[in-house]
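Visitor: Here it is: the structure, laid out below.
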Amino acid sequence: MNILVTGGAGYIGSHTCISLLEAGYSVIVADNLCNSKIETLKRVMKITNKEIIFYKIDVTNEHDVEELFEKHSIDGIIHFAGLKAVGESQKIPLIYYYNNIVSTIILAKVCEKYGVKRFVFSSSATVYGENQVPFFENMNLMPTTNPYGESKVISERILTDVAKEIPGFSVAILRYFNPVGAHESGLIGEVPNGNPNNLMPYITQVAVGKLDKLRIFGDDYSTFDGTGIRDYIHVMDLAEGHVAALRYLKEGVQVYNLGTGKGTSVIELVRAFEEANNIKIPYEIVSRRHGDIAACYADVTKASRELGWRANRSIRSMCEDSWRFELNNK
Ligand code: NAD
Ligand code: UFG
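Heads up: the sequence shown at position 72 corresponds to 62 in the working numbering, and the numbers run straight through without jumps.
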């Protein structure tokens, strides 16, 4: 089966390529490399000893996407391509809305034209806004505080409407919680652009000495230690979740949380990293970051029941694998 992976050179996409290849799928990647490097795909091929067909195209370009569908018989698509920095999305909202929404429209349109019925979409737990934790798939979505989040809500709606109208169209909307970690080979992982915004890459860059200390955004949340709680999920568990969703796809739209169901505080993650890797992480407490919520974690019963998938890698292995990748790539 030929699977088109948009954004396949990126962090989650590249790890998912490994899981797809290992599960026997053929992989075609479409990526404009705006936030990734071709070297990552070379490493994926090295790890799996399998080939990937690569197109350097922008998936908002309908002509280029059609050309790809003309050349290959596509059986399904996993759409990762997107811009993902929350803060940046507030500074350049039009670019975020255009890229993240137009790409979804173009891909759905081309799928319809070429009779491709399997569509897996990368959404985010950010669509739950300030709902009560744990987050369930059937909760009403809350307005998010930024264009990035809105672009995910709108893309979800577009795909839901499209699935109602195209007979046989099967969509899985996957709401990721906080992906961290790296492939255990240490060859591929997350490469943030400039100073990291996210906690784990920030910790690894402090650990390696690129940054002097971690700033913890607030210790006055209503959580057990006052710091923010998130549902960190190992990127390889997340990758395997995509294969499970692809296998299960059925007509209409299915929404799944891909998380572990367990919340970890900022301080707990710092301590886990220190323990796993035997490195001290200096930190200071600073004020809250605008737009952050106190706690975000998933209810994962639906994915477990329907997809037969469960995240099972530990916080410790997330810390070890993130660190191995940082050391290999500093
Ligand atoms: P990433 O930036 O590492 O990967 C995205 C890839 O898409 C990059 O390789 C980039 O070059 C490519 N891309 C972007 N726009 C494109 C376009 N128009 N045409 C072709 N290629 C394009 O990000 P990631 O962390 O791997 O995220 C993948 C998806 O998952 C994104 O849609 C993101 O919004 C979503 N997501 C990520 C997180 C997270 O914390 N990493 C959380 C929730 C959801
Ligand atoms: N944090 C710090 N210091 C840092 C970075 C983060 O204390 O330098 C804290 C945050 O305040 C938060 C926790 O660490 O409590 C996790 O923050 P991240 O930035 O790693 O992740 P977020 O949960 O804020 O955001 C992530 C993705 C978003 C997505 C959101 C909801 O980066 O794209 O999850 O799914 F929208």
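Ideal Cβ positions, reconstructed from N, Cα and C, are used throughout, including at glycine.
What whole-angstrom Cβ distance do leucine 297 and tyrosine 238 have, given they're in contact under 8 Å?
Guide: 5 Å
Visitor: Should cysteine 101 be labelled buried (16 or more other beta-carbon atoms within 10 Å of its own) or exposed?
Guide: Counting every other CB atom within 10 Å of its CB across the protein chains shown gives cysteine 101 a total of 16 or more, marking it as buried.
Visitor: Using a threshold of 6 Å, is the CB atom of isoleucine 206 nearer than that to any non-hydrogen atom of the ligand UFG?
Guide: yes
Visitor: Alpha carbon to alpha carbon, how far is alanine 197 from aspartate 65?
Guide: Rounded to the nearest angstrom, the two C-alpha atoms are 43 Å apart.
Visitor: Look at phenylalanine 167 and aspartate 227 and say whether their C-beta atoms are less than 7 Å apart.
Guide: no
Visitor: Taking the Cβ atom as the reference point for each residue, do proline 157 and aspartate 289 lie within a distance shorter than 7 Å?
Guide: no
Visitor: By the 10 Å Cβ neighbour count, where 16 or more other Cβ atoms means buried, how is phenylalanine 159 classified, buried or exposed?
Guide: buried
Visitor: I'd like to confirm something about glycine 184: is its beta-carbon nearer than 6 Å to some heavy atom of the ligand UFG, or not?
Guide: In this structure, the ligand UFG has no non-hydrogen atom nearer than 6 Å to the beta-carbon of glycine 184.
Visitor: If I follow the unbroken alpha helix (DSSP H) through glycine 231, where does it start and stop?
Guide: 225 to 238
Visitor: In terms of alpha-carbon separation, which member of Pro169, Met132, Asn22, Lys107 lies closest to glutamate 155?
Guide: Lys107
Visitor: From leucine -6 to proline 272, what distance separates their C-alpha atoms?
Guide: 43 Å
Visitor: Taking the alpha carbon of phenylalanine 263 as the reference point, which residue from Gln195, His69, Ser141, Lys142 has its own alpha carbon closest?
Guide: Gln195
Visitor: Is it the case that the Cβ atoms of asparagine 247 and glutamate 127 are separated by a distance below 7 Å?
Guide: yes
Visitor: Beta-carbon within less than 6 Å of glycine -2's beta-carbon, same chain only, minus the 5 sequence neighbours each way: which residues are those?
Guide: Cys7, Val19, Asp21
Visitor: Please identify the residue among Ile305, Asn90, Ala284 whose C-alpha is closest to the C-alpha of serine 342.
Guide: An answer regarding residue 342 cannot be provided, because it is not within the stretch -9 to 320 covered by the chain.
Visitor: Please classify threonine 213: does DSSP put it in a helix, a strand, or coil?
Guide: coil
Visitor: Since leucine 58 is in the alpha helix (DSSP H), which residue starts that stretch and which ends it?
Guide: 52 to 61
Visitor: Candidates Leu164, Lys270, Ser175: which alpha carbon is nearest threonine 30's?
Guide: Ser175
Visitor: Taking serine 79 as part of the alpha helix (DSSP H), name the residues at either end of that continuous run.
Guide: Counting along the chain, the alpha helix (DSSP H) containing serine 79 begins and ends at 76 to 81.
Visitor: Check whether the Cβ of leucine 58 sits closer than 6 Å to any heavy atom of the ligand UFG, and report yes or no.
Guide: no
Visitor: Would you decide whether isoleucine 219 is buried or exposed? Buried here means 16 or more other CB atoms lie within 10 Å of its CB.
Guide: buried
Visitor: Could you check the C-alpha separation between arginine 165 and lysine 270 for me, to the nearest Å?
Guide: 33 Å
Visitor: Evaluate the contact criterion for the stretch 245 to 260 versus the stretch 273 to 287: three or more CB pairs, one atom per stretch, below 8 Å.
Guide: yes
Visitor: For the candidate residues Asn183, Glu230, Val243, whose alpha-carbon lies nearest to that of histidine 173?
Guide: Glu230
Visitor: Grab me the residues of valine 243's own chain with a C-beta within less than 6 Å of its C-beta, minus the 5 sequence neighbours each way, in chain order.
Guide: Thr150, Ala153, Val161
Visitor: Asparagine 121 and methionine 129 - do their beta-carbons sit closer together than 7 Å?
Guide: yes
Visitor: Could you pull the DSSP bridge partners for cysteine 286 from this structure?
Guide: Arg220
Visitor: Can you name, in chain order, every residue of its own chain whose Cβ lies under 7 Å from the Cβ of methionine 308, other than the five neighbours on each side?
Guide: Val170, Gly171, Tyr222, His224
Visitor: So, helix, strand or coil for serine 4, using DSSP?
Guide: Residue state, collapsed to three classes: helix.
Visitor: Any heavy atom of the ligand NAD inside 6 Å of the beta-carbon of lysine 27?
Guide: no
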